[in-house]
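Numbering follows our numbering, in which position 92 of the sequence shown is assigned residue number 99; successive positions increment by one, without gaps.
The beta carbon of each residue, even a glycine, is placed where N, CA and C say it ideally should be.
See structure below.
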Amino acid sequence: MTVNLMPEIKLNYKELSPCDVLVAGGGSAGVAAAISSGRAGAKTILIEKSSFLGGVATGGLVTPMMKNALDAKTLLTKGLFLEICDRLGKAGGGGVFKDGNPGWFNPEIYKCVLDKMCLEANVQLMFENQIISTETENKEIKKVFFINKSGCFSIQAKEFIDCTGDGDLIALAGVSYESGANNHRQAMSLRFMMSGVELKDLAKWLQENDKTGDSPVHFLDNGDILLSSAYTFEREWTLKPFFDRALKNNDLEKEDAAYFQIFSVPGSPGLIAFNCPRITPENKTLDPLNNEDTSWVLTHGRQMIKRISNFCKKYLPGFKDSYICQIAPTIGVRESRRLIGQYVLSADDVLSGKKFEDAIANSNWPIDIHPSKIGEKGQLRHPPKNDYYQIPLRSLLPKENEIKNLIVAGRCLSATFEAQGSARIQANCWAMGEAAGNLAAKRINLPKNLTKANNITA
Ligand SMILES: Cc1cc2nc3c(=O)[nH]c(=O)nc-3n(C[C@H](O)[C@H](O)[C@H](O)COP(=O)(O)OP(=O)(O)OC[C@H]3O[C@@H](n4cnc5c(N)ncnc54)[C@H](O)[C@@H]3O)c2cc1C
Numbered sequence: 008m009t010v011n012l013m014p015e016i017k018l019n020y021k022e023l024s025p026c027d028v029l030v031a032g033g034g035s036a037g038v039a040a041a042i043s044s045g046r047a048g049a050k051t052i053l054i055e056k057s058s059f060l061g062g063v064a065t066g067g068l069v070t071p072m073m074k075n076a077l078d079a080k081t082l083l084t085k086g087l088f089l090e091i092c093d094r095l096g097k098a099g100g101g102g103v104f105k106d107g108n109p110g111w112f113n114p115e116i117y118k119c120v121l122d123k124m125c126l127e128a129n130v131q132l133m134f135e136n137q138i139i140s141t142e143t144e145n146k147e148i149k150k151v152f153f154i155n156k157s158g159c160f161s162i163q164a165k166e167f168i169d170c171t172g173d174g175d176l177i178a179l180a181g182v183s184y185e186s187g188a189n190n191h192r193q194a195m196s197l198r199f200m201m202s203g204v205e206l207k208d209l210a211k212w213l214q215e216n217d218k219t220g221d222s223p224v225h226f227l228d229n230g231d232i233l234l235s236s237a238y239t240f241e242r243e244w245t246l247k248p249f250f251d252r253a254l255k256n257n258d259l260e261k262e263d264a265a266y267f268q269i270f271s272v273p274g275s276p277g278l279i280a281f282n283c284p285r286i287t288p289e290n291k292t293l294d295p296l297n298n299e300d301t302s303w304v305l306t307h308g309r310q311m312i313k314r315i316s317n318f319c320k321k322y323l324p325g326f327k328d329s330y331i332c333q334i335a336p337t338i339g340v341r342e343s344r345r346l347i348g349q350y351v352l353s354a355d356d357v358l359s360g361k362k363f364e365d366a367i368a369n370s371n372w373p374i375d376i377h378p379s380k381i382g383e384k385g386q387l388r389h390p391p392k393n394d395y396y397q398i399p400l401r402s403l404l405p406k407e408n409e410i411k412n413l414i415v416a417g418r419c420l421s422a423t424f425e426a427q428g429s430a431r432i433q434a435n436c437w438a439m440g441e442a443a444g445n446l447a448a449k450r451i452n453l454p455k456n457l458t459k460a461n462n463i464t465a
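Here it is, written out as structure tokens:
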């Protein structure tokens, strides 16, 4: 028996009641896994280190979910993903963009909707608990250990699903993984939101000035305005004149302007969500698993947010009376540990539109790599036109000679650095989580054949 307790933590721990399926982490993948396992009748516990569900989608303010579709009518993710989008719309916190993407959402309402869906599926939610260790025996995880304000606890389960994004269970249970590639990493971001924006003024300006189609605006029947715009050094964006002036006046630093993107938020008049700042120092590659680096990202990111918000107020149409209303409590980590599992999804698979017998997700999102250093070029490489690739179930499973009762879902799937740059979008995380939860429940009740996940067949 191996108890991988961190040696520095010599606590007495209390054993809580066991469950069938234990889901580690409550982001998009974890919630999907827990709901599908709970609905299948498995006694399911979800352990989450923060105080809400949604992971980086809510805590990192990563809204909207990116479009995963061949065209406005042919969505590539169905099942639980469509259900959550529908529930968000009904709760007044969701919206469908004119390109058919149903994934626009308000992160605060998202948290409430996710709580409700998990409780309806009989999932036991355990917030503010960080998993710090596992006990393994005969190539199975027997229990996980976690800490909260009251002390250290453990729970036994038959099946474990690692949805921690960072692959914490993979690492703690000694399963093979990698992180980054050849000293390359995806950039981390610290997202934020501003309230008090005159969306009508901004929408009007964008409609009158957008010659390139990079700043779409969509008026919904309920009065919501869905819009987005962006700026980088690489193209002639609609917003370029403002950035040129602000850089000349030293109101922005180069790193602030290197990547800028905004989205409005359904059900939230006057609210703008920023997909920036991207934290890209010149001389250092930051590691999302290094606490010194992540602490620096938080303090440095908040200084960048102050400058970017001042720029918006001074230069952008509609922003004069706006103010910062939220800075993400969670850093936007795009990539860290990735399982090396039974199948490692590759860039070739993505770019050739590869299909698999054991497919559990369809996607045509490009390989989308954000450079970790300012001045480096990113990647945006697409699957074939009008086609898509698939993620096989084997990319969620550790190698056969490693841990048998562990499934991995979400951005820590088994994929190369480049393929993960595509597979990591939220729609895919929902699909992976749904498949993982179904499989865990099946292994307990019907330990025979694996069938395809609902998100493809529904
Ligand atoms: C800046 C940024 C912009 C992005 N933009 C988009 C976009 O526009 N559209 C899109 O679709 N996707 C986007 N993505 C990608 C996508 O949002 C993420 O890849 C996806 O949400 C990850 O989901 P997940 O469930 O795998 O992990 P996460 O959402 O990271 O969830 C992991 C959960 O596990 C918990 N956890 C971690 N460790 C432990 C532990 N030891 N014990 C207990 N709990 C733990 C965390 O608190 C968290 O709740 C973006 C990502 C980033 C970072």
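Remark: three or more beta-carbon pairs, one from each stretch, lie closer than 8 Å, so the region 181-201 and the region 285-302 are flagged as touching. In this structure the region 302-317 does not lie against the region 40-48, because fewer than three pairs of beta carbons, one per stretch, are closer than 8 Å.
With distances taken between CA atoms, residue 339 lies nearest to 377 out of 347, 352, 377. In this structure, the beta-carbon distance from residue 276 to residue 206 falls below 8 Å. For the alpha helix (DSSP H) assignment, the uninterrupted runs of no fewer than 4 residues enclosed by the region 135-210 are, from N- to C-terminal side, 175-179.
Look at the beta carbons and you see the region 420-431 touching the region 179-193: at least three pairs across the two are nearer than 8 Å. Taken from the Cβ of residue 125, every heavy atom of ligand 1 lies 7 Å or farther away.
Residue 83 is positioned such that its CB atom lies closer than 8 Å to that of residue 369. Contact between residue 99 and residue 112 does not hold, since their C-beta atoms are separated by about 11 Å, which reaches or exceeds 8 Å. According to the DSSP assignment, residue 333 belongs to the beta strand (DSSP E) that extends over 330-334. The beta strand (DSSP E) runs of length 3 or more contained entirely in the region 390-430 are, from start to end of the chain, 396-399, 413-415. By the CB criterion at 8 Å, residue 434 and residue 72 fall inside the cutoff. DSSP places residue 51 in the uninterrupted beta strand (DSSP E) bounded by 51-54. Given a length threshold of 4 residues, each whole run of the alpha helix (DSSP H) inside the region 236-290 is given here in chain order: 247-255, 261-264.
Around the beta carbon of residue 158, fewer than 16 other beta carbons lie within 10 angstroms, which makes this residue exposed.
With a cut-off of 7 Å, the C-beta of residue 35 is classified as near ligand 1, since at least one heavy atom of the ligand falls inside that distance. The Cβ atoms of residue 31 and residue 151 sit closer than 8 Å to each other.
For residue 137, the Cβ falls inside the 7 Å cut-off from some heavy atom of ligand 1. Ligand 1 has no heavy atom closer than 7 Å to the beta-carbon of residue 310. Contact annotation: residue 208 and residue 114 have beta-carbon atoms that are not nearer than 8 Å.
One thing to note: residue 309 has its Cβ no nearer than 8 Å to the Cβ of residue 177. DSSP links residue 366 through a beta bridge to 399. Taking a contact to require three or more Cβ pairs closer than 8 Å, the region 216-230 and the region 242-249 qualify as touching.
The beta carbon of residue 136 sits closer than 8 Å to the beta carbons of 54, 55, 56, 153, 154, 155, 160 from its chain, once the five residues preceding and following it are set aside; these are given in chain order. For residue 387, the enclosing beta strand (DSSP E) has its first and last residue at 386-388. At a threshold of 7 Å, residue 433 counts as near ligand 1, since its beta carbon sits closer than that to one of the ligand's heavy atoms.
Remark: the C-beta of residue 200 is outside contact range of ligand 1, defined as less than 7 Å to any heavy atom.
By the neighbour-count definition (other C-beta atoms within 10 Å, threshold 16), residue 174 is a buried residue.
Of the other Cβ atoms in all chains shown, 16 or more fall within 10 Å of the Cβ of residue 271; this residue is therefore buried. Distance from the C-beta of residue 282 to the nearest heavy atom of ligand 1 is below 7 Å. Taking residue 146 as reference, the option from 180, 451, 363, 287 with the minimal CA-CA separation is 180. Here DSSP, grouped into helix, strand and coil, assigns residue 225 to strand. Per DSSP, residue 133 is one residue of the beta strand (DSSP E) stretching across 130-133.
Burial check for residue 19: the Cβ neighbour count within 10 Å stays below 16, so the residue is exposed. Within the chosen limit of 7 Å, ligand 1 does not reach the beta carbon of residue 156 with any heavy atom. Apart from the 5 residues on each side of it in sequence, residue 88 sits with its Cβ closer than 7 Å to the Cβ of 434, 437, 438, 462 in its chain, given in chain order.
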